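To start, the structure under review is shown below, and the notes come after it.
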Amino acid sequence: MNSPQADSVPSMAEEAAKDDWDYIKRQSEAIETEALHTYLWEQRHLIEALVLHHLGLAPDSASSSVLPQAEWLCGRFNICVPVKVTSHTAVEKVIVRFAMRHKFAEDHCLGFMNEKISCEVATYIWMQENCPSVPIPHLFGFGFTDGRHFTHSKHRPFFVRLVRSAWRQLYKCLRWPVLSSYVSHAFPHQFEMGYLILEFIDQDSGRMLSQVWKDGCSDENKMKNLFRSLSRLILSVGRIPQPRIGSFTFNSDGAITLTNRPLTCSMAIMEAQGAQRVLERHQTYSCTDAFVSDLLSLHDSRFLNQRNAVHGYRDCRAQMATKSVLRAVQHHYINRKTRYGPYSLQFTDIHQSNILVDEGYNIKCLIDLEWICSLPTEMLAVPSWLTGCCIQQLYGEKLGEFDEIHKEFMDILSEEEKALGTFLPGTAGPQPISHYIRTNWTSKMVWFWYCLDSVNIMYEVAEDHIYPEFSLDPQSKELENHFFRLWCRGAESVVQTKVKDREAYLKSLAAMFRITPSA
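Numbering (the working numbering), first residue to last: 1 to 519.
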């Protein structure tokens, strides 16, 4: 880490100490990310060969070149390496997206990398098969960390395509799981990194919504176009009822099945922060209650294992009290009529940088299909970022602004729903998806599920939206002194341990900045 100016060190250390995230781990990740950039650049000739391999191009009739590092993109979990491919018929670009191992819990949750890739690939395949109207990049091929490589059959010889087509028809006739068009394709060189090779989407096809948001978020026509496009996406993936809570996964025979745990973005982050695995990889749920219980247990595990999870005695007790309250009230936020399904496929991490739009804010492409899961209908919600706010900022005046946006969005969603005729079956008869979203909002059920699907805003959201529903005062001494004891046996000893963890963390932080920690 570069040495900061001496007079700025104390203030930087103070800000780091206040941060809910593990600053030391973040700095370590930044160093590892830089090292991975260097490693991938050193392996660029192997990456070029890998691209030609998946595109079905021979080295003597085509060439590929990794573009300079200045053109690479680095997100929260992946590094995207653009590669230029030149053949006798065309010049095109592809993106090779590498998952960053150090951003995941691979060390204590062995196999996470392959699980993530398998779920993401399966989602691409499911979308190709069931949602052709949703614009997504073409997936040329992919590889796992154990050395397995798969390529879309359209980039393989005629005989391979013919055989695969026959097998797909057989699977369909026998009503076996959907067999994908991706076939095993051994790479002659050793390359044990997880990756996807995707179609490159240039700016002529659209720009990231995050890049143009400020220019058009106050334009009524543009926002209506965005609402309409978003509505179609939500309806396209949610219209097909799912039998279980979980994620699609890619199997060794090329088939996809809904047999993986519901792998969400927040789950990946919590496990990376030290939470032990609570939801096992092949564990799906046929009952919402069990899913809620395990999500709460995952939050408990993160709390116990993250060294800077608390800021002091009072904060620790308050967090434990909130966890106790959420367990006590959970039955009020589970719809008994749909607790056994049907469930719906949902975007759990759709945001402005995932979406490419044209000048009129019409969605032209989704460039990231990570973390899409089959989830309870109680989790269906309008994206909170439509007013430019985070979930924890939605209170008071900003909550009123979002409520107005919510109504506008729901009107457009209902219009699209009627045009498409989308309904989810249920014990009370078929219901439109808009019914669930509207009910979740008006009943305030959405806030409970925001708590579960977050990483570190559970306490703020609960204090602002859950506590008032039960006439609880978050500043109450009674709440602080008694409710926290219900979280576990020996609660006070947990408080002492967590505060000691905090003190040790601050000492390590001070050593990093080479200053004397304050009392």
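Every residue, glycine too, gets a C-beta built ideally from N, C-alpha and C. Remember, predicted model here, so these are calculated numbers, not experimental data.
From the options, residue whose alpha carbon lies closest to that of residue i
i: W371; options: S165, V292 and P262; result: P262
i: E280; options: L304, I334 and S247; result: S247
i: M208; options: W176, E359 and T86; result: E359
i: D464; options: N305, L40, K25 and Q393; result: Q393
i: T151; options: M127, C131, S184 and R164; result: S184
i: R228; options: K477, L386 and M12; result: L386
i: T284; options: V357, L424, K93 and C373; result: C373
i: V121; options: T439, T249 and E15; result: T249
i: G341; options: Q242, Y467 and V382; result: Q242
i: Q276; options: N305, D253, L296 and H332; result: N305
i: L233; options: I245, R307, H155 and H351; result: H351
i: H45; options: S384, S64, P474 and E34; result: S64
i: I391; options: E469, R336, D453 and K337; result: D453
i: A30; options: F77, G56 and D60; result: F77
i: A49; options: M12, D368, A186 and R164; result: A186
i: W449; options: H331, M410, G400 and E401; result: H331
i: S297; options: M270, H311 and S286; result: M270
i: L73; options: V94, G56, P59 and Q273; result: V94
Chain-order list of residues whose beta-carbon lies under 6 Å from that of residue i (same chain, five-residue window excluded)
i: E71; result: P82
i: A462; result: T322 and C451
i: L226; result: Y361
i: E32; result: H102
i: C119; result: S247, T249, N260 and L263
i: G143; result: H149 and Y195
i: P474; result: E463 and Y467
i: C389; result: K398
Own chain residues within Cβ distance below 7 Å of residue i, not counting five before or after
i: V495; result: Y313, C316 and R317
i: A17; result: L506 and L509
i: L36; result: I79 and M100
i: F423; result: P430, Q431 and P432
i: I23; result: Position check: residue 23 holds Tyr in this sequence, whereas Ile was assumed. Around Y23: A16 and L509.
i: R97; result: N78, C80, Y195, L196 and L198
i: W126; result: F248 and I256
i: P425; result: P241 and P342
Nearest-angstrom Cβ-Cβ length linking residue i and residue j, presumed shorter than 8 Å
i: I201; j: V51; result: Contact doesn't hold; Cβ gap of about 16 Å is too wide.
i: L366; j: Q346; result: No, L366 and Q346 are not in contact; Cβ-Cβ is about 14 Å, not under 8 Å.
i: H282; j: N251; result: Not quite, the Cβ-Cβ distance comes to about 11 Å (not below 8 Å), so this is no contact.
i: A309; j: Y171; result: Wrong, their Cβ atoms sit about 47 Å apart, outside the cutoff.
i: V325; j: L472; result: 7 Å
i: E199; j: P137; result: 4 Å
i: S231; j: I412; result: 6 Å
Status (buried if at least 16 other CB within 10 Å, exposed otherwise) for residue i
i: M320; result: buried
i: Y436; result: buried
i: S3; result: Confidence at S3 is low in this model, with a pLDDT of 44, below 50, so the placement of that residue is unreliable and no value is reported for it.
i: D7; result: Low confidence applies here, because D7 scores a pLDDT of 46, under 50, leaving its location unreliable; read the following figure in that light. Exposed, by the Cβ-count rule.
i: W441; result: buried
i: V91; result: exposed
i: H108; result: exposed
i: W447; result: buried
i: E478; result: exposed
i: A504; result: exposed
i: Q211; result: exposed
i: N481; result: exposed
i: A511; result: exposed
i: Q5; result: Low local confidence applies: a pLDDT of 47 at Q5 is under 50, so the model's placement there is unreliable, with the coordinate-based value given in what follows. Exposed, by the Cβ-count rule.
i: A166; result: exposed
i: F470; result: exposed
Runs of beta strand (DSSP E) lying entirely within the stretch 153-189, each at least 3 residues, in chain order
182-184
With a floor of 4 residues, list each alpha helix (DSSP H) that falls wholly inside the stretch 204-262, ordered by position along the chain.
209-216 and 220-238
What are the start and end residues of each continuous alpha helix (DSSP H) run of 4 or more residues lying completely inside the stretch 400-463, in chain order?
433-442, 445-452 and 458-461
Suppose only complete runs of 4+ residues qualify. What are the alpha helix (DSSP H) ranges in the stretch 106-139, listed by chain order?
112-130
Contiguous beta strand (DSSP E) assignments of at least 3 residues, all confined to the stretch 7-69:
62-66
If you scan the stretch 290-365 from start to end, which runs of the alpha helix (DSSP H) of 4 or more residues do you find wholly inside it?
313-329
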